[in-house]
Amino acid sequence: MSGPSKLDEPSKLLSNVDVFIFDCDGVIWRGDSLIDGVPSVLDQLRLAGKKIFFVTNNSTKSRVGYKSKFTSLGLDVQPEEIFSSSFAAAAYLEQTKFKDTGKKVYIIGEKGISEELDAIGVSWLGGEADKEKKADMGPGGRVEIDHDVGAVVVGFDRHINYYKLQYAQLCLNELPGCEFIATNLDRVTHLTDAQEWAGNGTMVGAVSGCTGREPTLVGKPAPLMIDYIATKYGITDRSHICMVGDRLDTDIAFGRNNGLKTCLTLSGVTTEDELMERAPRKKGTEGIQPEFYVELVEGQFADFFFNSHRAGPGSRGGRRGRPRRGSDPMPPKKPQAAEPVEEEVKEEPPPEILQGDFVFPDGSTYSGQYLKKGESICMHGDGHLQSGPQTFEGSFDNGMYKMGRYSSCSGAVYTGHFRKNQFHGVGDYKWPDGREYRGTWKDGFMHGYGMYLYFSVGADKRFMGFSMNGKFASGAAEQEEATMKAFLQEYGAQCVQSATAAFREMAEKTAADGVPADFLIAKDADGKAEKVLEDMVAAPYPDASAATQASLQAFAARLSAEEQPLQVSVYTGLTNKKLVLPLSEESTFSCLGTEDVHMDGARLKHTQLQVAGQAVEFFSEAETAGALRAVVLLNTASEFEWEAAKWKLVHCESA
Numbered sequence: 001m002s003g004p005s006k007l008d009e010p011s012k013l014l015s016n017v018d019v020f021i022f023d024c025d026g027v028i029w030r031g032d033s034l035i036d037g038v039p040s041v042l043d044q045l046r047l048a049g050k051k052i053f054f055v056t057n058n059s060t061k062s063r064v065g066y067k068s069k070f071t072s073l074g075l076d077v078q079p080e081e082i083f084s085s086s087f088a089a090a091a092y093l094e095q096t097k098f099k100d101t102g103k104k105v106y107i108i109g110e111k112g113i114s115e116e117l118d119a120i121g122v123s124w125l126g127g128e129a130d131k132e133k134k135a136d137m138g139p140g141g142r143v144e145i146d147h148d149v150g151a152v153v154v155g156f157d158r159h160i161n162y163y164k165l166q167y168a169q170l171c172l173n174e175l176p177g178c179e180f181i182a183t184n185l186d187r188v189t190h191l192t193d194a195q196e197w198a199g200n201g202t203m204v205g206a207v208s209g210c211t212g213r214e215p216t217l218v219g220k221p222a223p224l225m226i227d228y229i230a231t232k233y234g235i236t237d238r239s240h241i242c243m244v245g246d247r248l249d250t251d252i253a254f255g256r257n258n259g260l261k262t263c264l265t266l267s268g269v270t271t272e273d274e275l276m277e278r279a280p281r282k283k284g285t286e287g288i289q290p291e292f293y294v295e296l297v298e299g300q301f302a303d304f305f306f307n308s309h310r311a312g313p314g315s316r317g318g319r320r321g322r323p324r325r326g327s328d329p330m331p332p333k334k335p336q337a338a339e340p341v342e343e344e345v346k347e348e349p350p351p352e353i354l355q356g357d358f359v360f361p362d363g364s365t366y367s368g369q370y371l372k373k374g375e376s377i378c379m380h381g382d383g384h385l386q387s388g389p390q391t392f393e394g395s396f397d398n399g400m401y402k403m404g405r406y407s408s409c410s411g412a413v414y415t416g417h418f419r420k421n422q423f424h425g426v427g428d429y430k431w432p433d434g435r436e437y438r439g440t441w442k443d444g445f446m447h448g449y450g451m452y453l454y455f456s457v458g459a460d461k462r463f464m465g466f467s468m469n470g471k472f473a474s475g476a477a478e479q480e481e482a483t484m485k486a487f488l489q490e491y492g493a494q495c496v497q498s499a500t501a502a503f504r505e506m507a508e509k510t511a512a513d514g515v516p517a518d519f520l521i522a523k524d525a526d527g528k529a530e531k532v533l534e535d536m537v538a539a540p541y542p543d544a545s546a547a548t549q550a551s552l553q554a555f556a557a558r559l560s561a562e563e564q565p566l567q568v569s570v571y572t573g574l575t576n577k578k579l580v581l582p583l584s585e586e587s588t589f590s591c592l593g594t595e596d597v598h599m600d601g602a603r604l605k606h607t608q609l610q611v612a613g614q615a616v617e618f619f620s621e622a623e624t625a626g627a628l629r630a631v632v633l634l635n636t637a638s639e640f641e642w643e644a645a646k647w648k649l650v651h652c653e654s655a
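For the sequence shown, UniProt numbering begins at 1 and goes up steadily by one.
Below is the structure:
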């Protein structure tokens, strides 16, 4: 195997990589300290259209816990982008249908493992509950175990004790079929930025020593997590994935063993002397070499982005919009002998939309419209961007993709809307193997209602359904349960808060002549819109005169934050029991084609409205004749941004 190359020309790596997987400890942070420059690099990778995941062998936190840590360090990372070894342990148990056995898991580890097991409904014992327990070693002393334990999961445990080790060895040695699972085998870890600390290999080694058994490994370098990511996100060519980490025996071995590109950062446990074998290698790292290495993630990566994506207007190879590092500053003006005169203030010219061609230092090219504001320029309007095998053709908004066709290195093609350079809105994604998804997206993931094509073999190759954060299930019961649970968990509180504010506003603005038109859905000439709404709520289309000024204001007055006398809930439709999606009133763009299903903006709107979405019902046990009993508001905005929600009155009911 040839030696590693220092990444002095990051374009060699970046132009052929769609997905970056980062380790966390020693790469993104050390202990509780963020490594300098990391936020900028992550932002630039996202702007370049790269998908990012974080894969860590640390099992002390769940994905939700890691989301909180990223947030505390000022990093905007979604739980779906995080893969911890605690999650990997739960994923393994889910894949092997452990829950169906009715058995329990004994945990040596911290709350990250127990939280992930709770998320999949697997019973457990041990963990933090046993951190103060002591084994009775007096005459006749023994540790009693639960004979329903079917697996022992060993993760990093800062409160490991003899009781836990004894309990684990009894389960593994005395209970037939009890499985031994390790989240990772790391020799050392980073608890602080001052020194290295004994890692989970210590805990696993203790259990192995008293049982004579080797564990099933679910963390790096085992393939479970990369297999999960590749399957979930339809990644077919792993050579377009790069693993960035600081450990040879886990991160780099994980990449090499699973067909990924690899880049070692020297910000963690591996030194350059050790890497280049000028110093003895740590045990277990012999013969493991990355393709590339960098001093820090913010080093060569940041230099690459600073120098390569700041081209200026004009002919190919034009000047950058700001000086390179090390360029000579403008010389200071010399003092003049004459009396000073009032300096003329030059007004900055108004922004212009111009046409031009650009070549970036990494070989990327852009041809199309751009926005010029003084000395600053950015891609804006229609254009074509080529970066190696990756292309984007469509419209840009202040340097970011807005709407168009994106082709990736792997051959996958997305046509549709974007937000912050991520798939967002309505879009059509085609995998290289022929699979296809047509529907709604959020922050780079399938999210909302859509059609799945060629995901299975047979006469019926289409599936219409709801996805949440890139995941969907085809069964009707699973669809309903997953949709309801996921929507309420992520959006329930915000949805109710937004609808409540809209309800108050509607009540305040309702005059003697009825509800303002802004809060009503306009009737269609053919009556289709009313029919759709009637089917959804199993009630007549609301007559604006039924919601009077007095009845609405009296009803709204009962929305007391202290008493909450009204029942306020996310409404799922009385007939189909599915949620209502955010709908678009303005959008006429459709990427769905006309071969099988014609969906212009209006048709797409009606189809989504029929099937599912977001609405809020306000209900009371009113007995006074004429008093309102129920009011249902529907959000017709297309974004998942509650500040921009557009709530409409779709049902009202009097006592």
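Cβ atoms here follow ideal geometry from the backbone N, Cα and C, with glycine treated the same way.
Practice problem: Can you grab the Cα-Cα spacing for the pair Lys-131 / Gln-166, in whole Å? | Solution: 13 Å
Quiz item: What do you reckon, are the CB atoms on Val-218 and Ile-21 nearer than 8 Å?
Solution: no
Quiz item: Is Ser-364 helix, strand or coil when you go by DSSP?
Solution: Ser-364 falls in the coil class under three-state DSSP.
Quiz prompt | Rounded straight-line distance, which links the Cα of Glu-653 to that of Phe-519 | solution = 16 Å
Quiz item: Beta-carbon separation of Lys-61 and Gly-112 under 8 Å?
Solution: yes
Self-check item: Sheet register partners of Gln-390 (DSSP bridge)
Solution: The partner list for Gln-390 (beta bridge, DSSP) reads Ser-387.
Self-check item: Unbroken stretches of the beta strand (DSSP E), 3 residues or longer, contained in the stretch 5-52
Solution: Those beta strand (DSSP E) runs which fall completely within the stretch 5-52 and span 3+ residues are 19-22.
Exercise. Return the CA-CA distance between Met-451 and Leu-47, expressed in angstroms with no decimal places.
Key: Rounded to whole angstroms, Met-451 to Leu-47 spans 28 Å at the Cα level.
Self-check item: Test item: CB-CB of residue 667 and Thr-262 under 8 Å
Solution: Residue 667 is absent from the structure shown; the chain starts at 1 and stops at 655.
Quiz item: Of all the options Leu-559, Ala-493, Asp-513, which has the alpha carbon lying nearest to the alpha carbon of Ala-615?
Solution: Of Leu-559, Ala-493, Asp-513, the smallest CA-CA separation from Ala-615 is found for Ala-493.
Quiz item: Would you say Glu-643 and Ala-630 are within 8 Å of each other, going by their C-beta atoms?
Solution: no
Quiz item: With distances taken from CA atoms, which of Gln-78, Asp-251, Gln-549 is nearest residue 663?
Solution: Shown here, the chain extends from 1 to 655; a query on residue 663 therefore has no answer.
Self-check item: Short Cβ contact (8 Å threshold) for Leu-172 with Thr-216
Solution: no
Quiz item: Is the beta carbon of Cys-409 less than 8 Å from the beta carbon of Gln-422?
Solution: no
Quiz item: Are the Cβ atoms of Thr-189 and Gly-199 separated by less than 8 Å?
Solution: yes
Practice problem: Please list, in chain order, all residues of the same chain as Met-400 whose beta carbon is under 6 Å from its beta carbon, the five residues on each side excluded. | Solution: Asn-421
Self-check item: Identity of the residues DSSP links to His-417 by a beta bridge
Solution: Met-403
Exercise. Please work out which residues of its chain come closer than 8 Å, Cβ to Cβ, to Asp-76, disregarding the five sequence neighbours upstream and downstream, and give them in chain order.
Key: Phe-70
Quiz item: If you run the structure through DSSP and keep just helix, strand and coil, what is Leu-633?
Solution: strand
Self-check item: Where Ile-108 falls: helix, strand or coil (DSSP)
Solution: Assignment of Ile-108 by DSSP, reduced to helix, strand and coil, places it in the strand class.
Quiz prompt | Collapsed DSSP secondary structure at Trp-124 in the structure displayed | solution = strand
Quiz item: Which residues in the same chain have their Cβ closer than 8 Å to the Cβ of Thr-265, if we skip the five residues on either side of it in sequence?
Solution: Cβ within range, chain order: Gly-26, Val-27, Val-244, Gly-245, Asp-246, Tyr-293, Val-294, Glu-295, Leu-296, Val-297.
Quiz item: Looking at Gly-368 and Met-379, is the spacing between their C-beta atoms short of 8 Å?
Solution: yes
Quiz item: Between the C-alpha atoms of Arg-238 and Phe-180, what's the straight-line distance to the nearest angstrom?
Solution: Approximately 29 Å, taken between the alpha carbons.
Quiz prompt | Per-residue burial, Asp-428 [other beta carbons within 10 Å of its own, 16 or more giving buried] | solution = buried
Quiz item: When the Cα atoms are used, what is the spatial distance from Gly-155 to Gly-138?
Solution: 29 Å
Practice problem: Indicate whether Val-19 and Lys-67 have their beta-carbon atoms separated by less than 8 Å. | Solution: no
Quiz item: Who are the near neighbours of Leu-170 in its chain, counting only those whose CB is closer than 7 Å to its CB and skipping five residues on each side?
Solution: Val-143, Ile-145
Quiz item: Where Ser-90 and Phe-54 are concerned, what is the direct C-alpha to C-alpha distance, given to the nearest angstrom?
Solution: For the sequence presented, residue 90 should be read as Ala rather than Ser. Approximately 17 Å, taken between the alpha carbons.
Self-check item: Candidates Gly-388, Met-225, Lys-372, of which the one nearest Phe-360 by Cα
Solution: Gly-388
Quiz item: How long is the line joining the alpha carbons of Gly-425 and Ala-550, rounded to whole angstroms?
Solution: 39 Å
Practice problem: Would you mind working out which of Glu-436, Asp-397, Ser-395 sits nearest Gly-411, comparing C-alpha positions? | Solution: Glu-436
Quiz item: The beta strand (DSSP E) spanning Val-64 covers which residue range?
Solution: Taken as a continuous stretch (DSSP letters only), Val-64 belongs to no beta strand (DSSP E), being part of the alpha helix (DSSP H) at 63-72.
Quiz item: On the three-state DSSP scale, how would you describe Gly-444?
Solution: coil
Quiz prompt | Straight-line gap, Lys-133 to His-159 (C-alpha atoms, nearest Å) | solution = 10 Å
Self-check item: Buried versus exposed call for Asp-23 [16 or more other C-beta atoms within 10 Å across all chains shown]
Solution: buried
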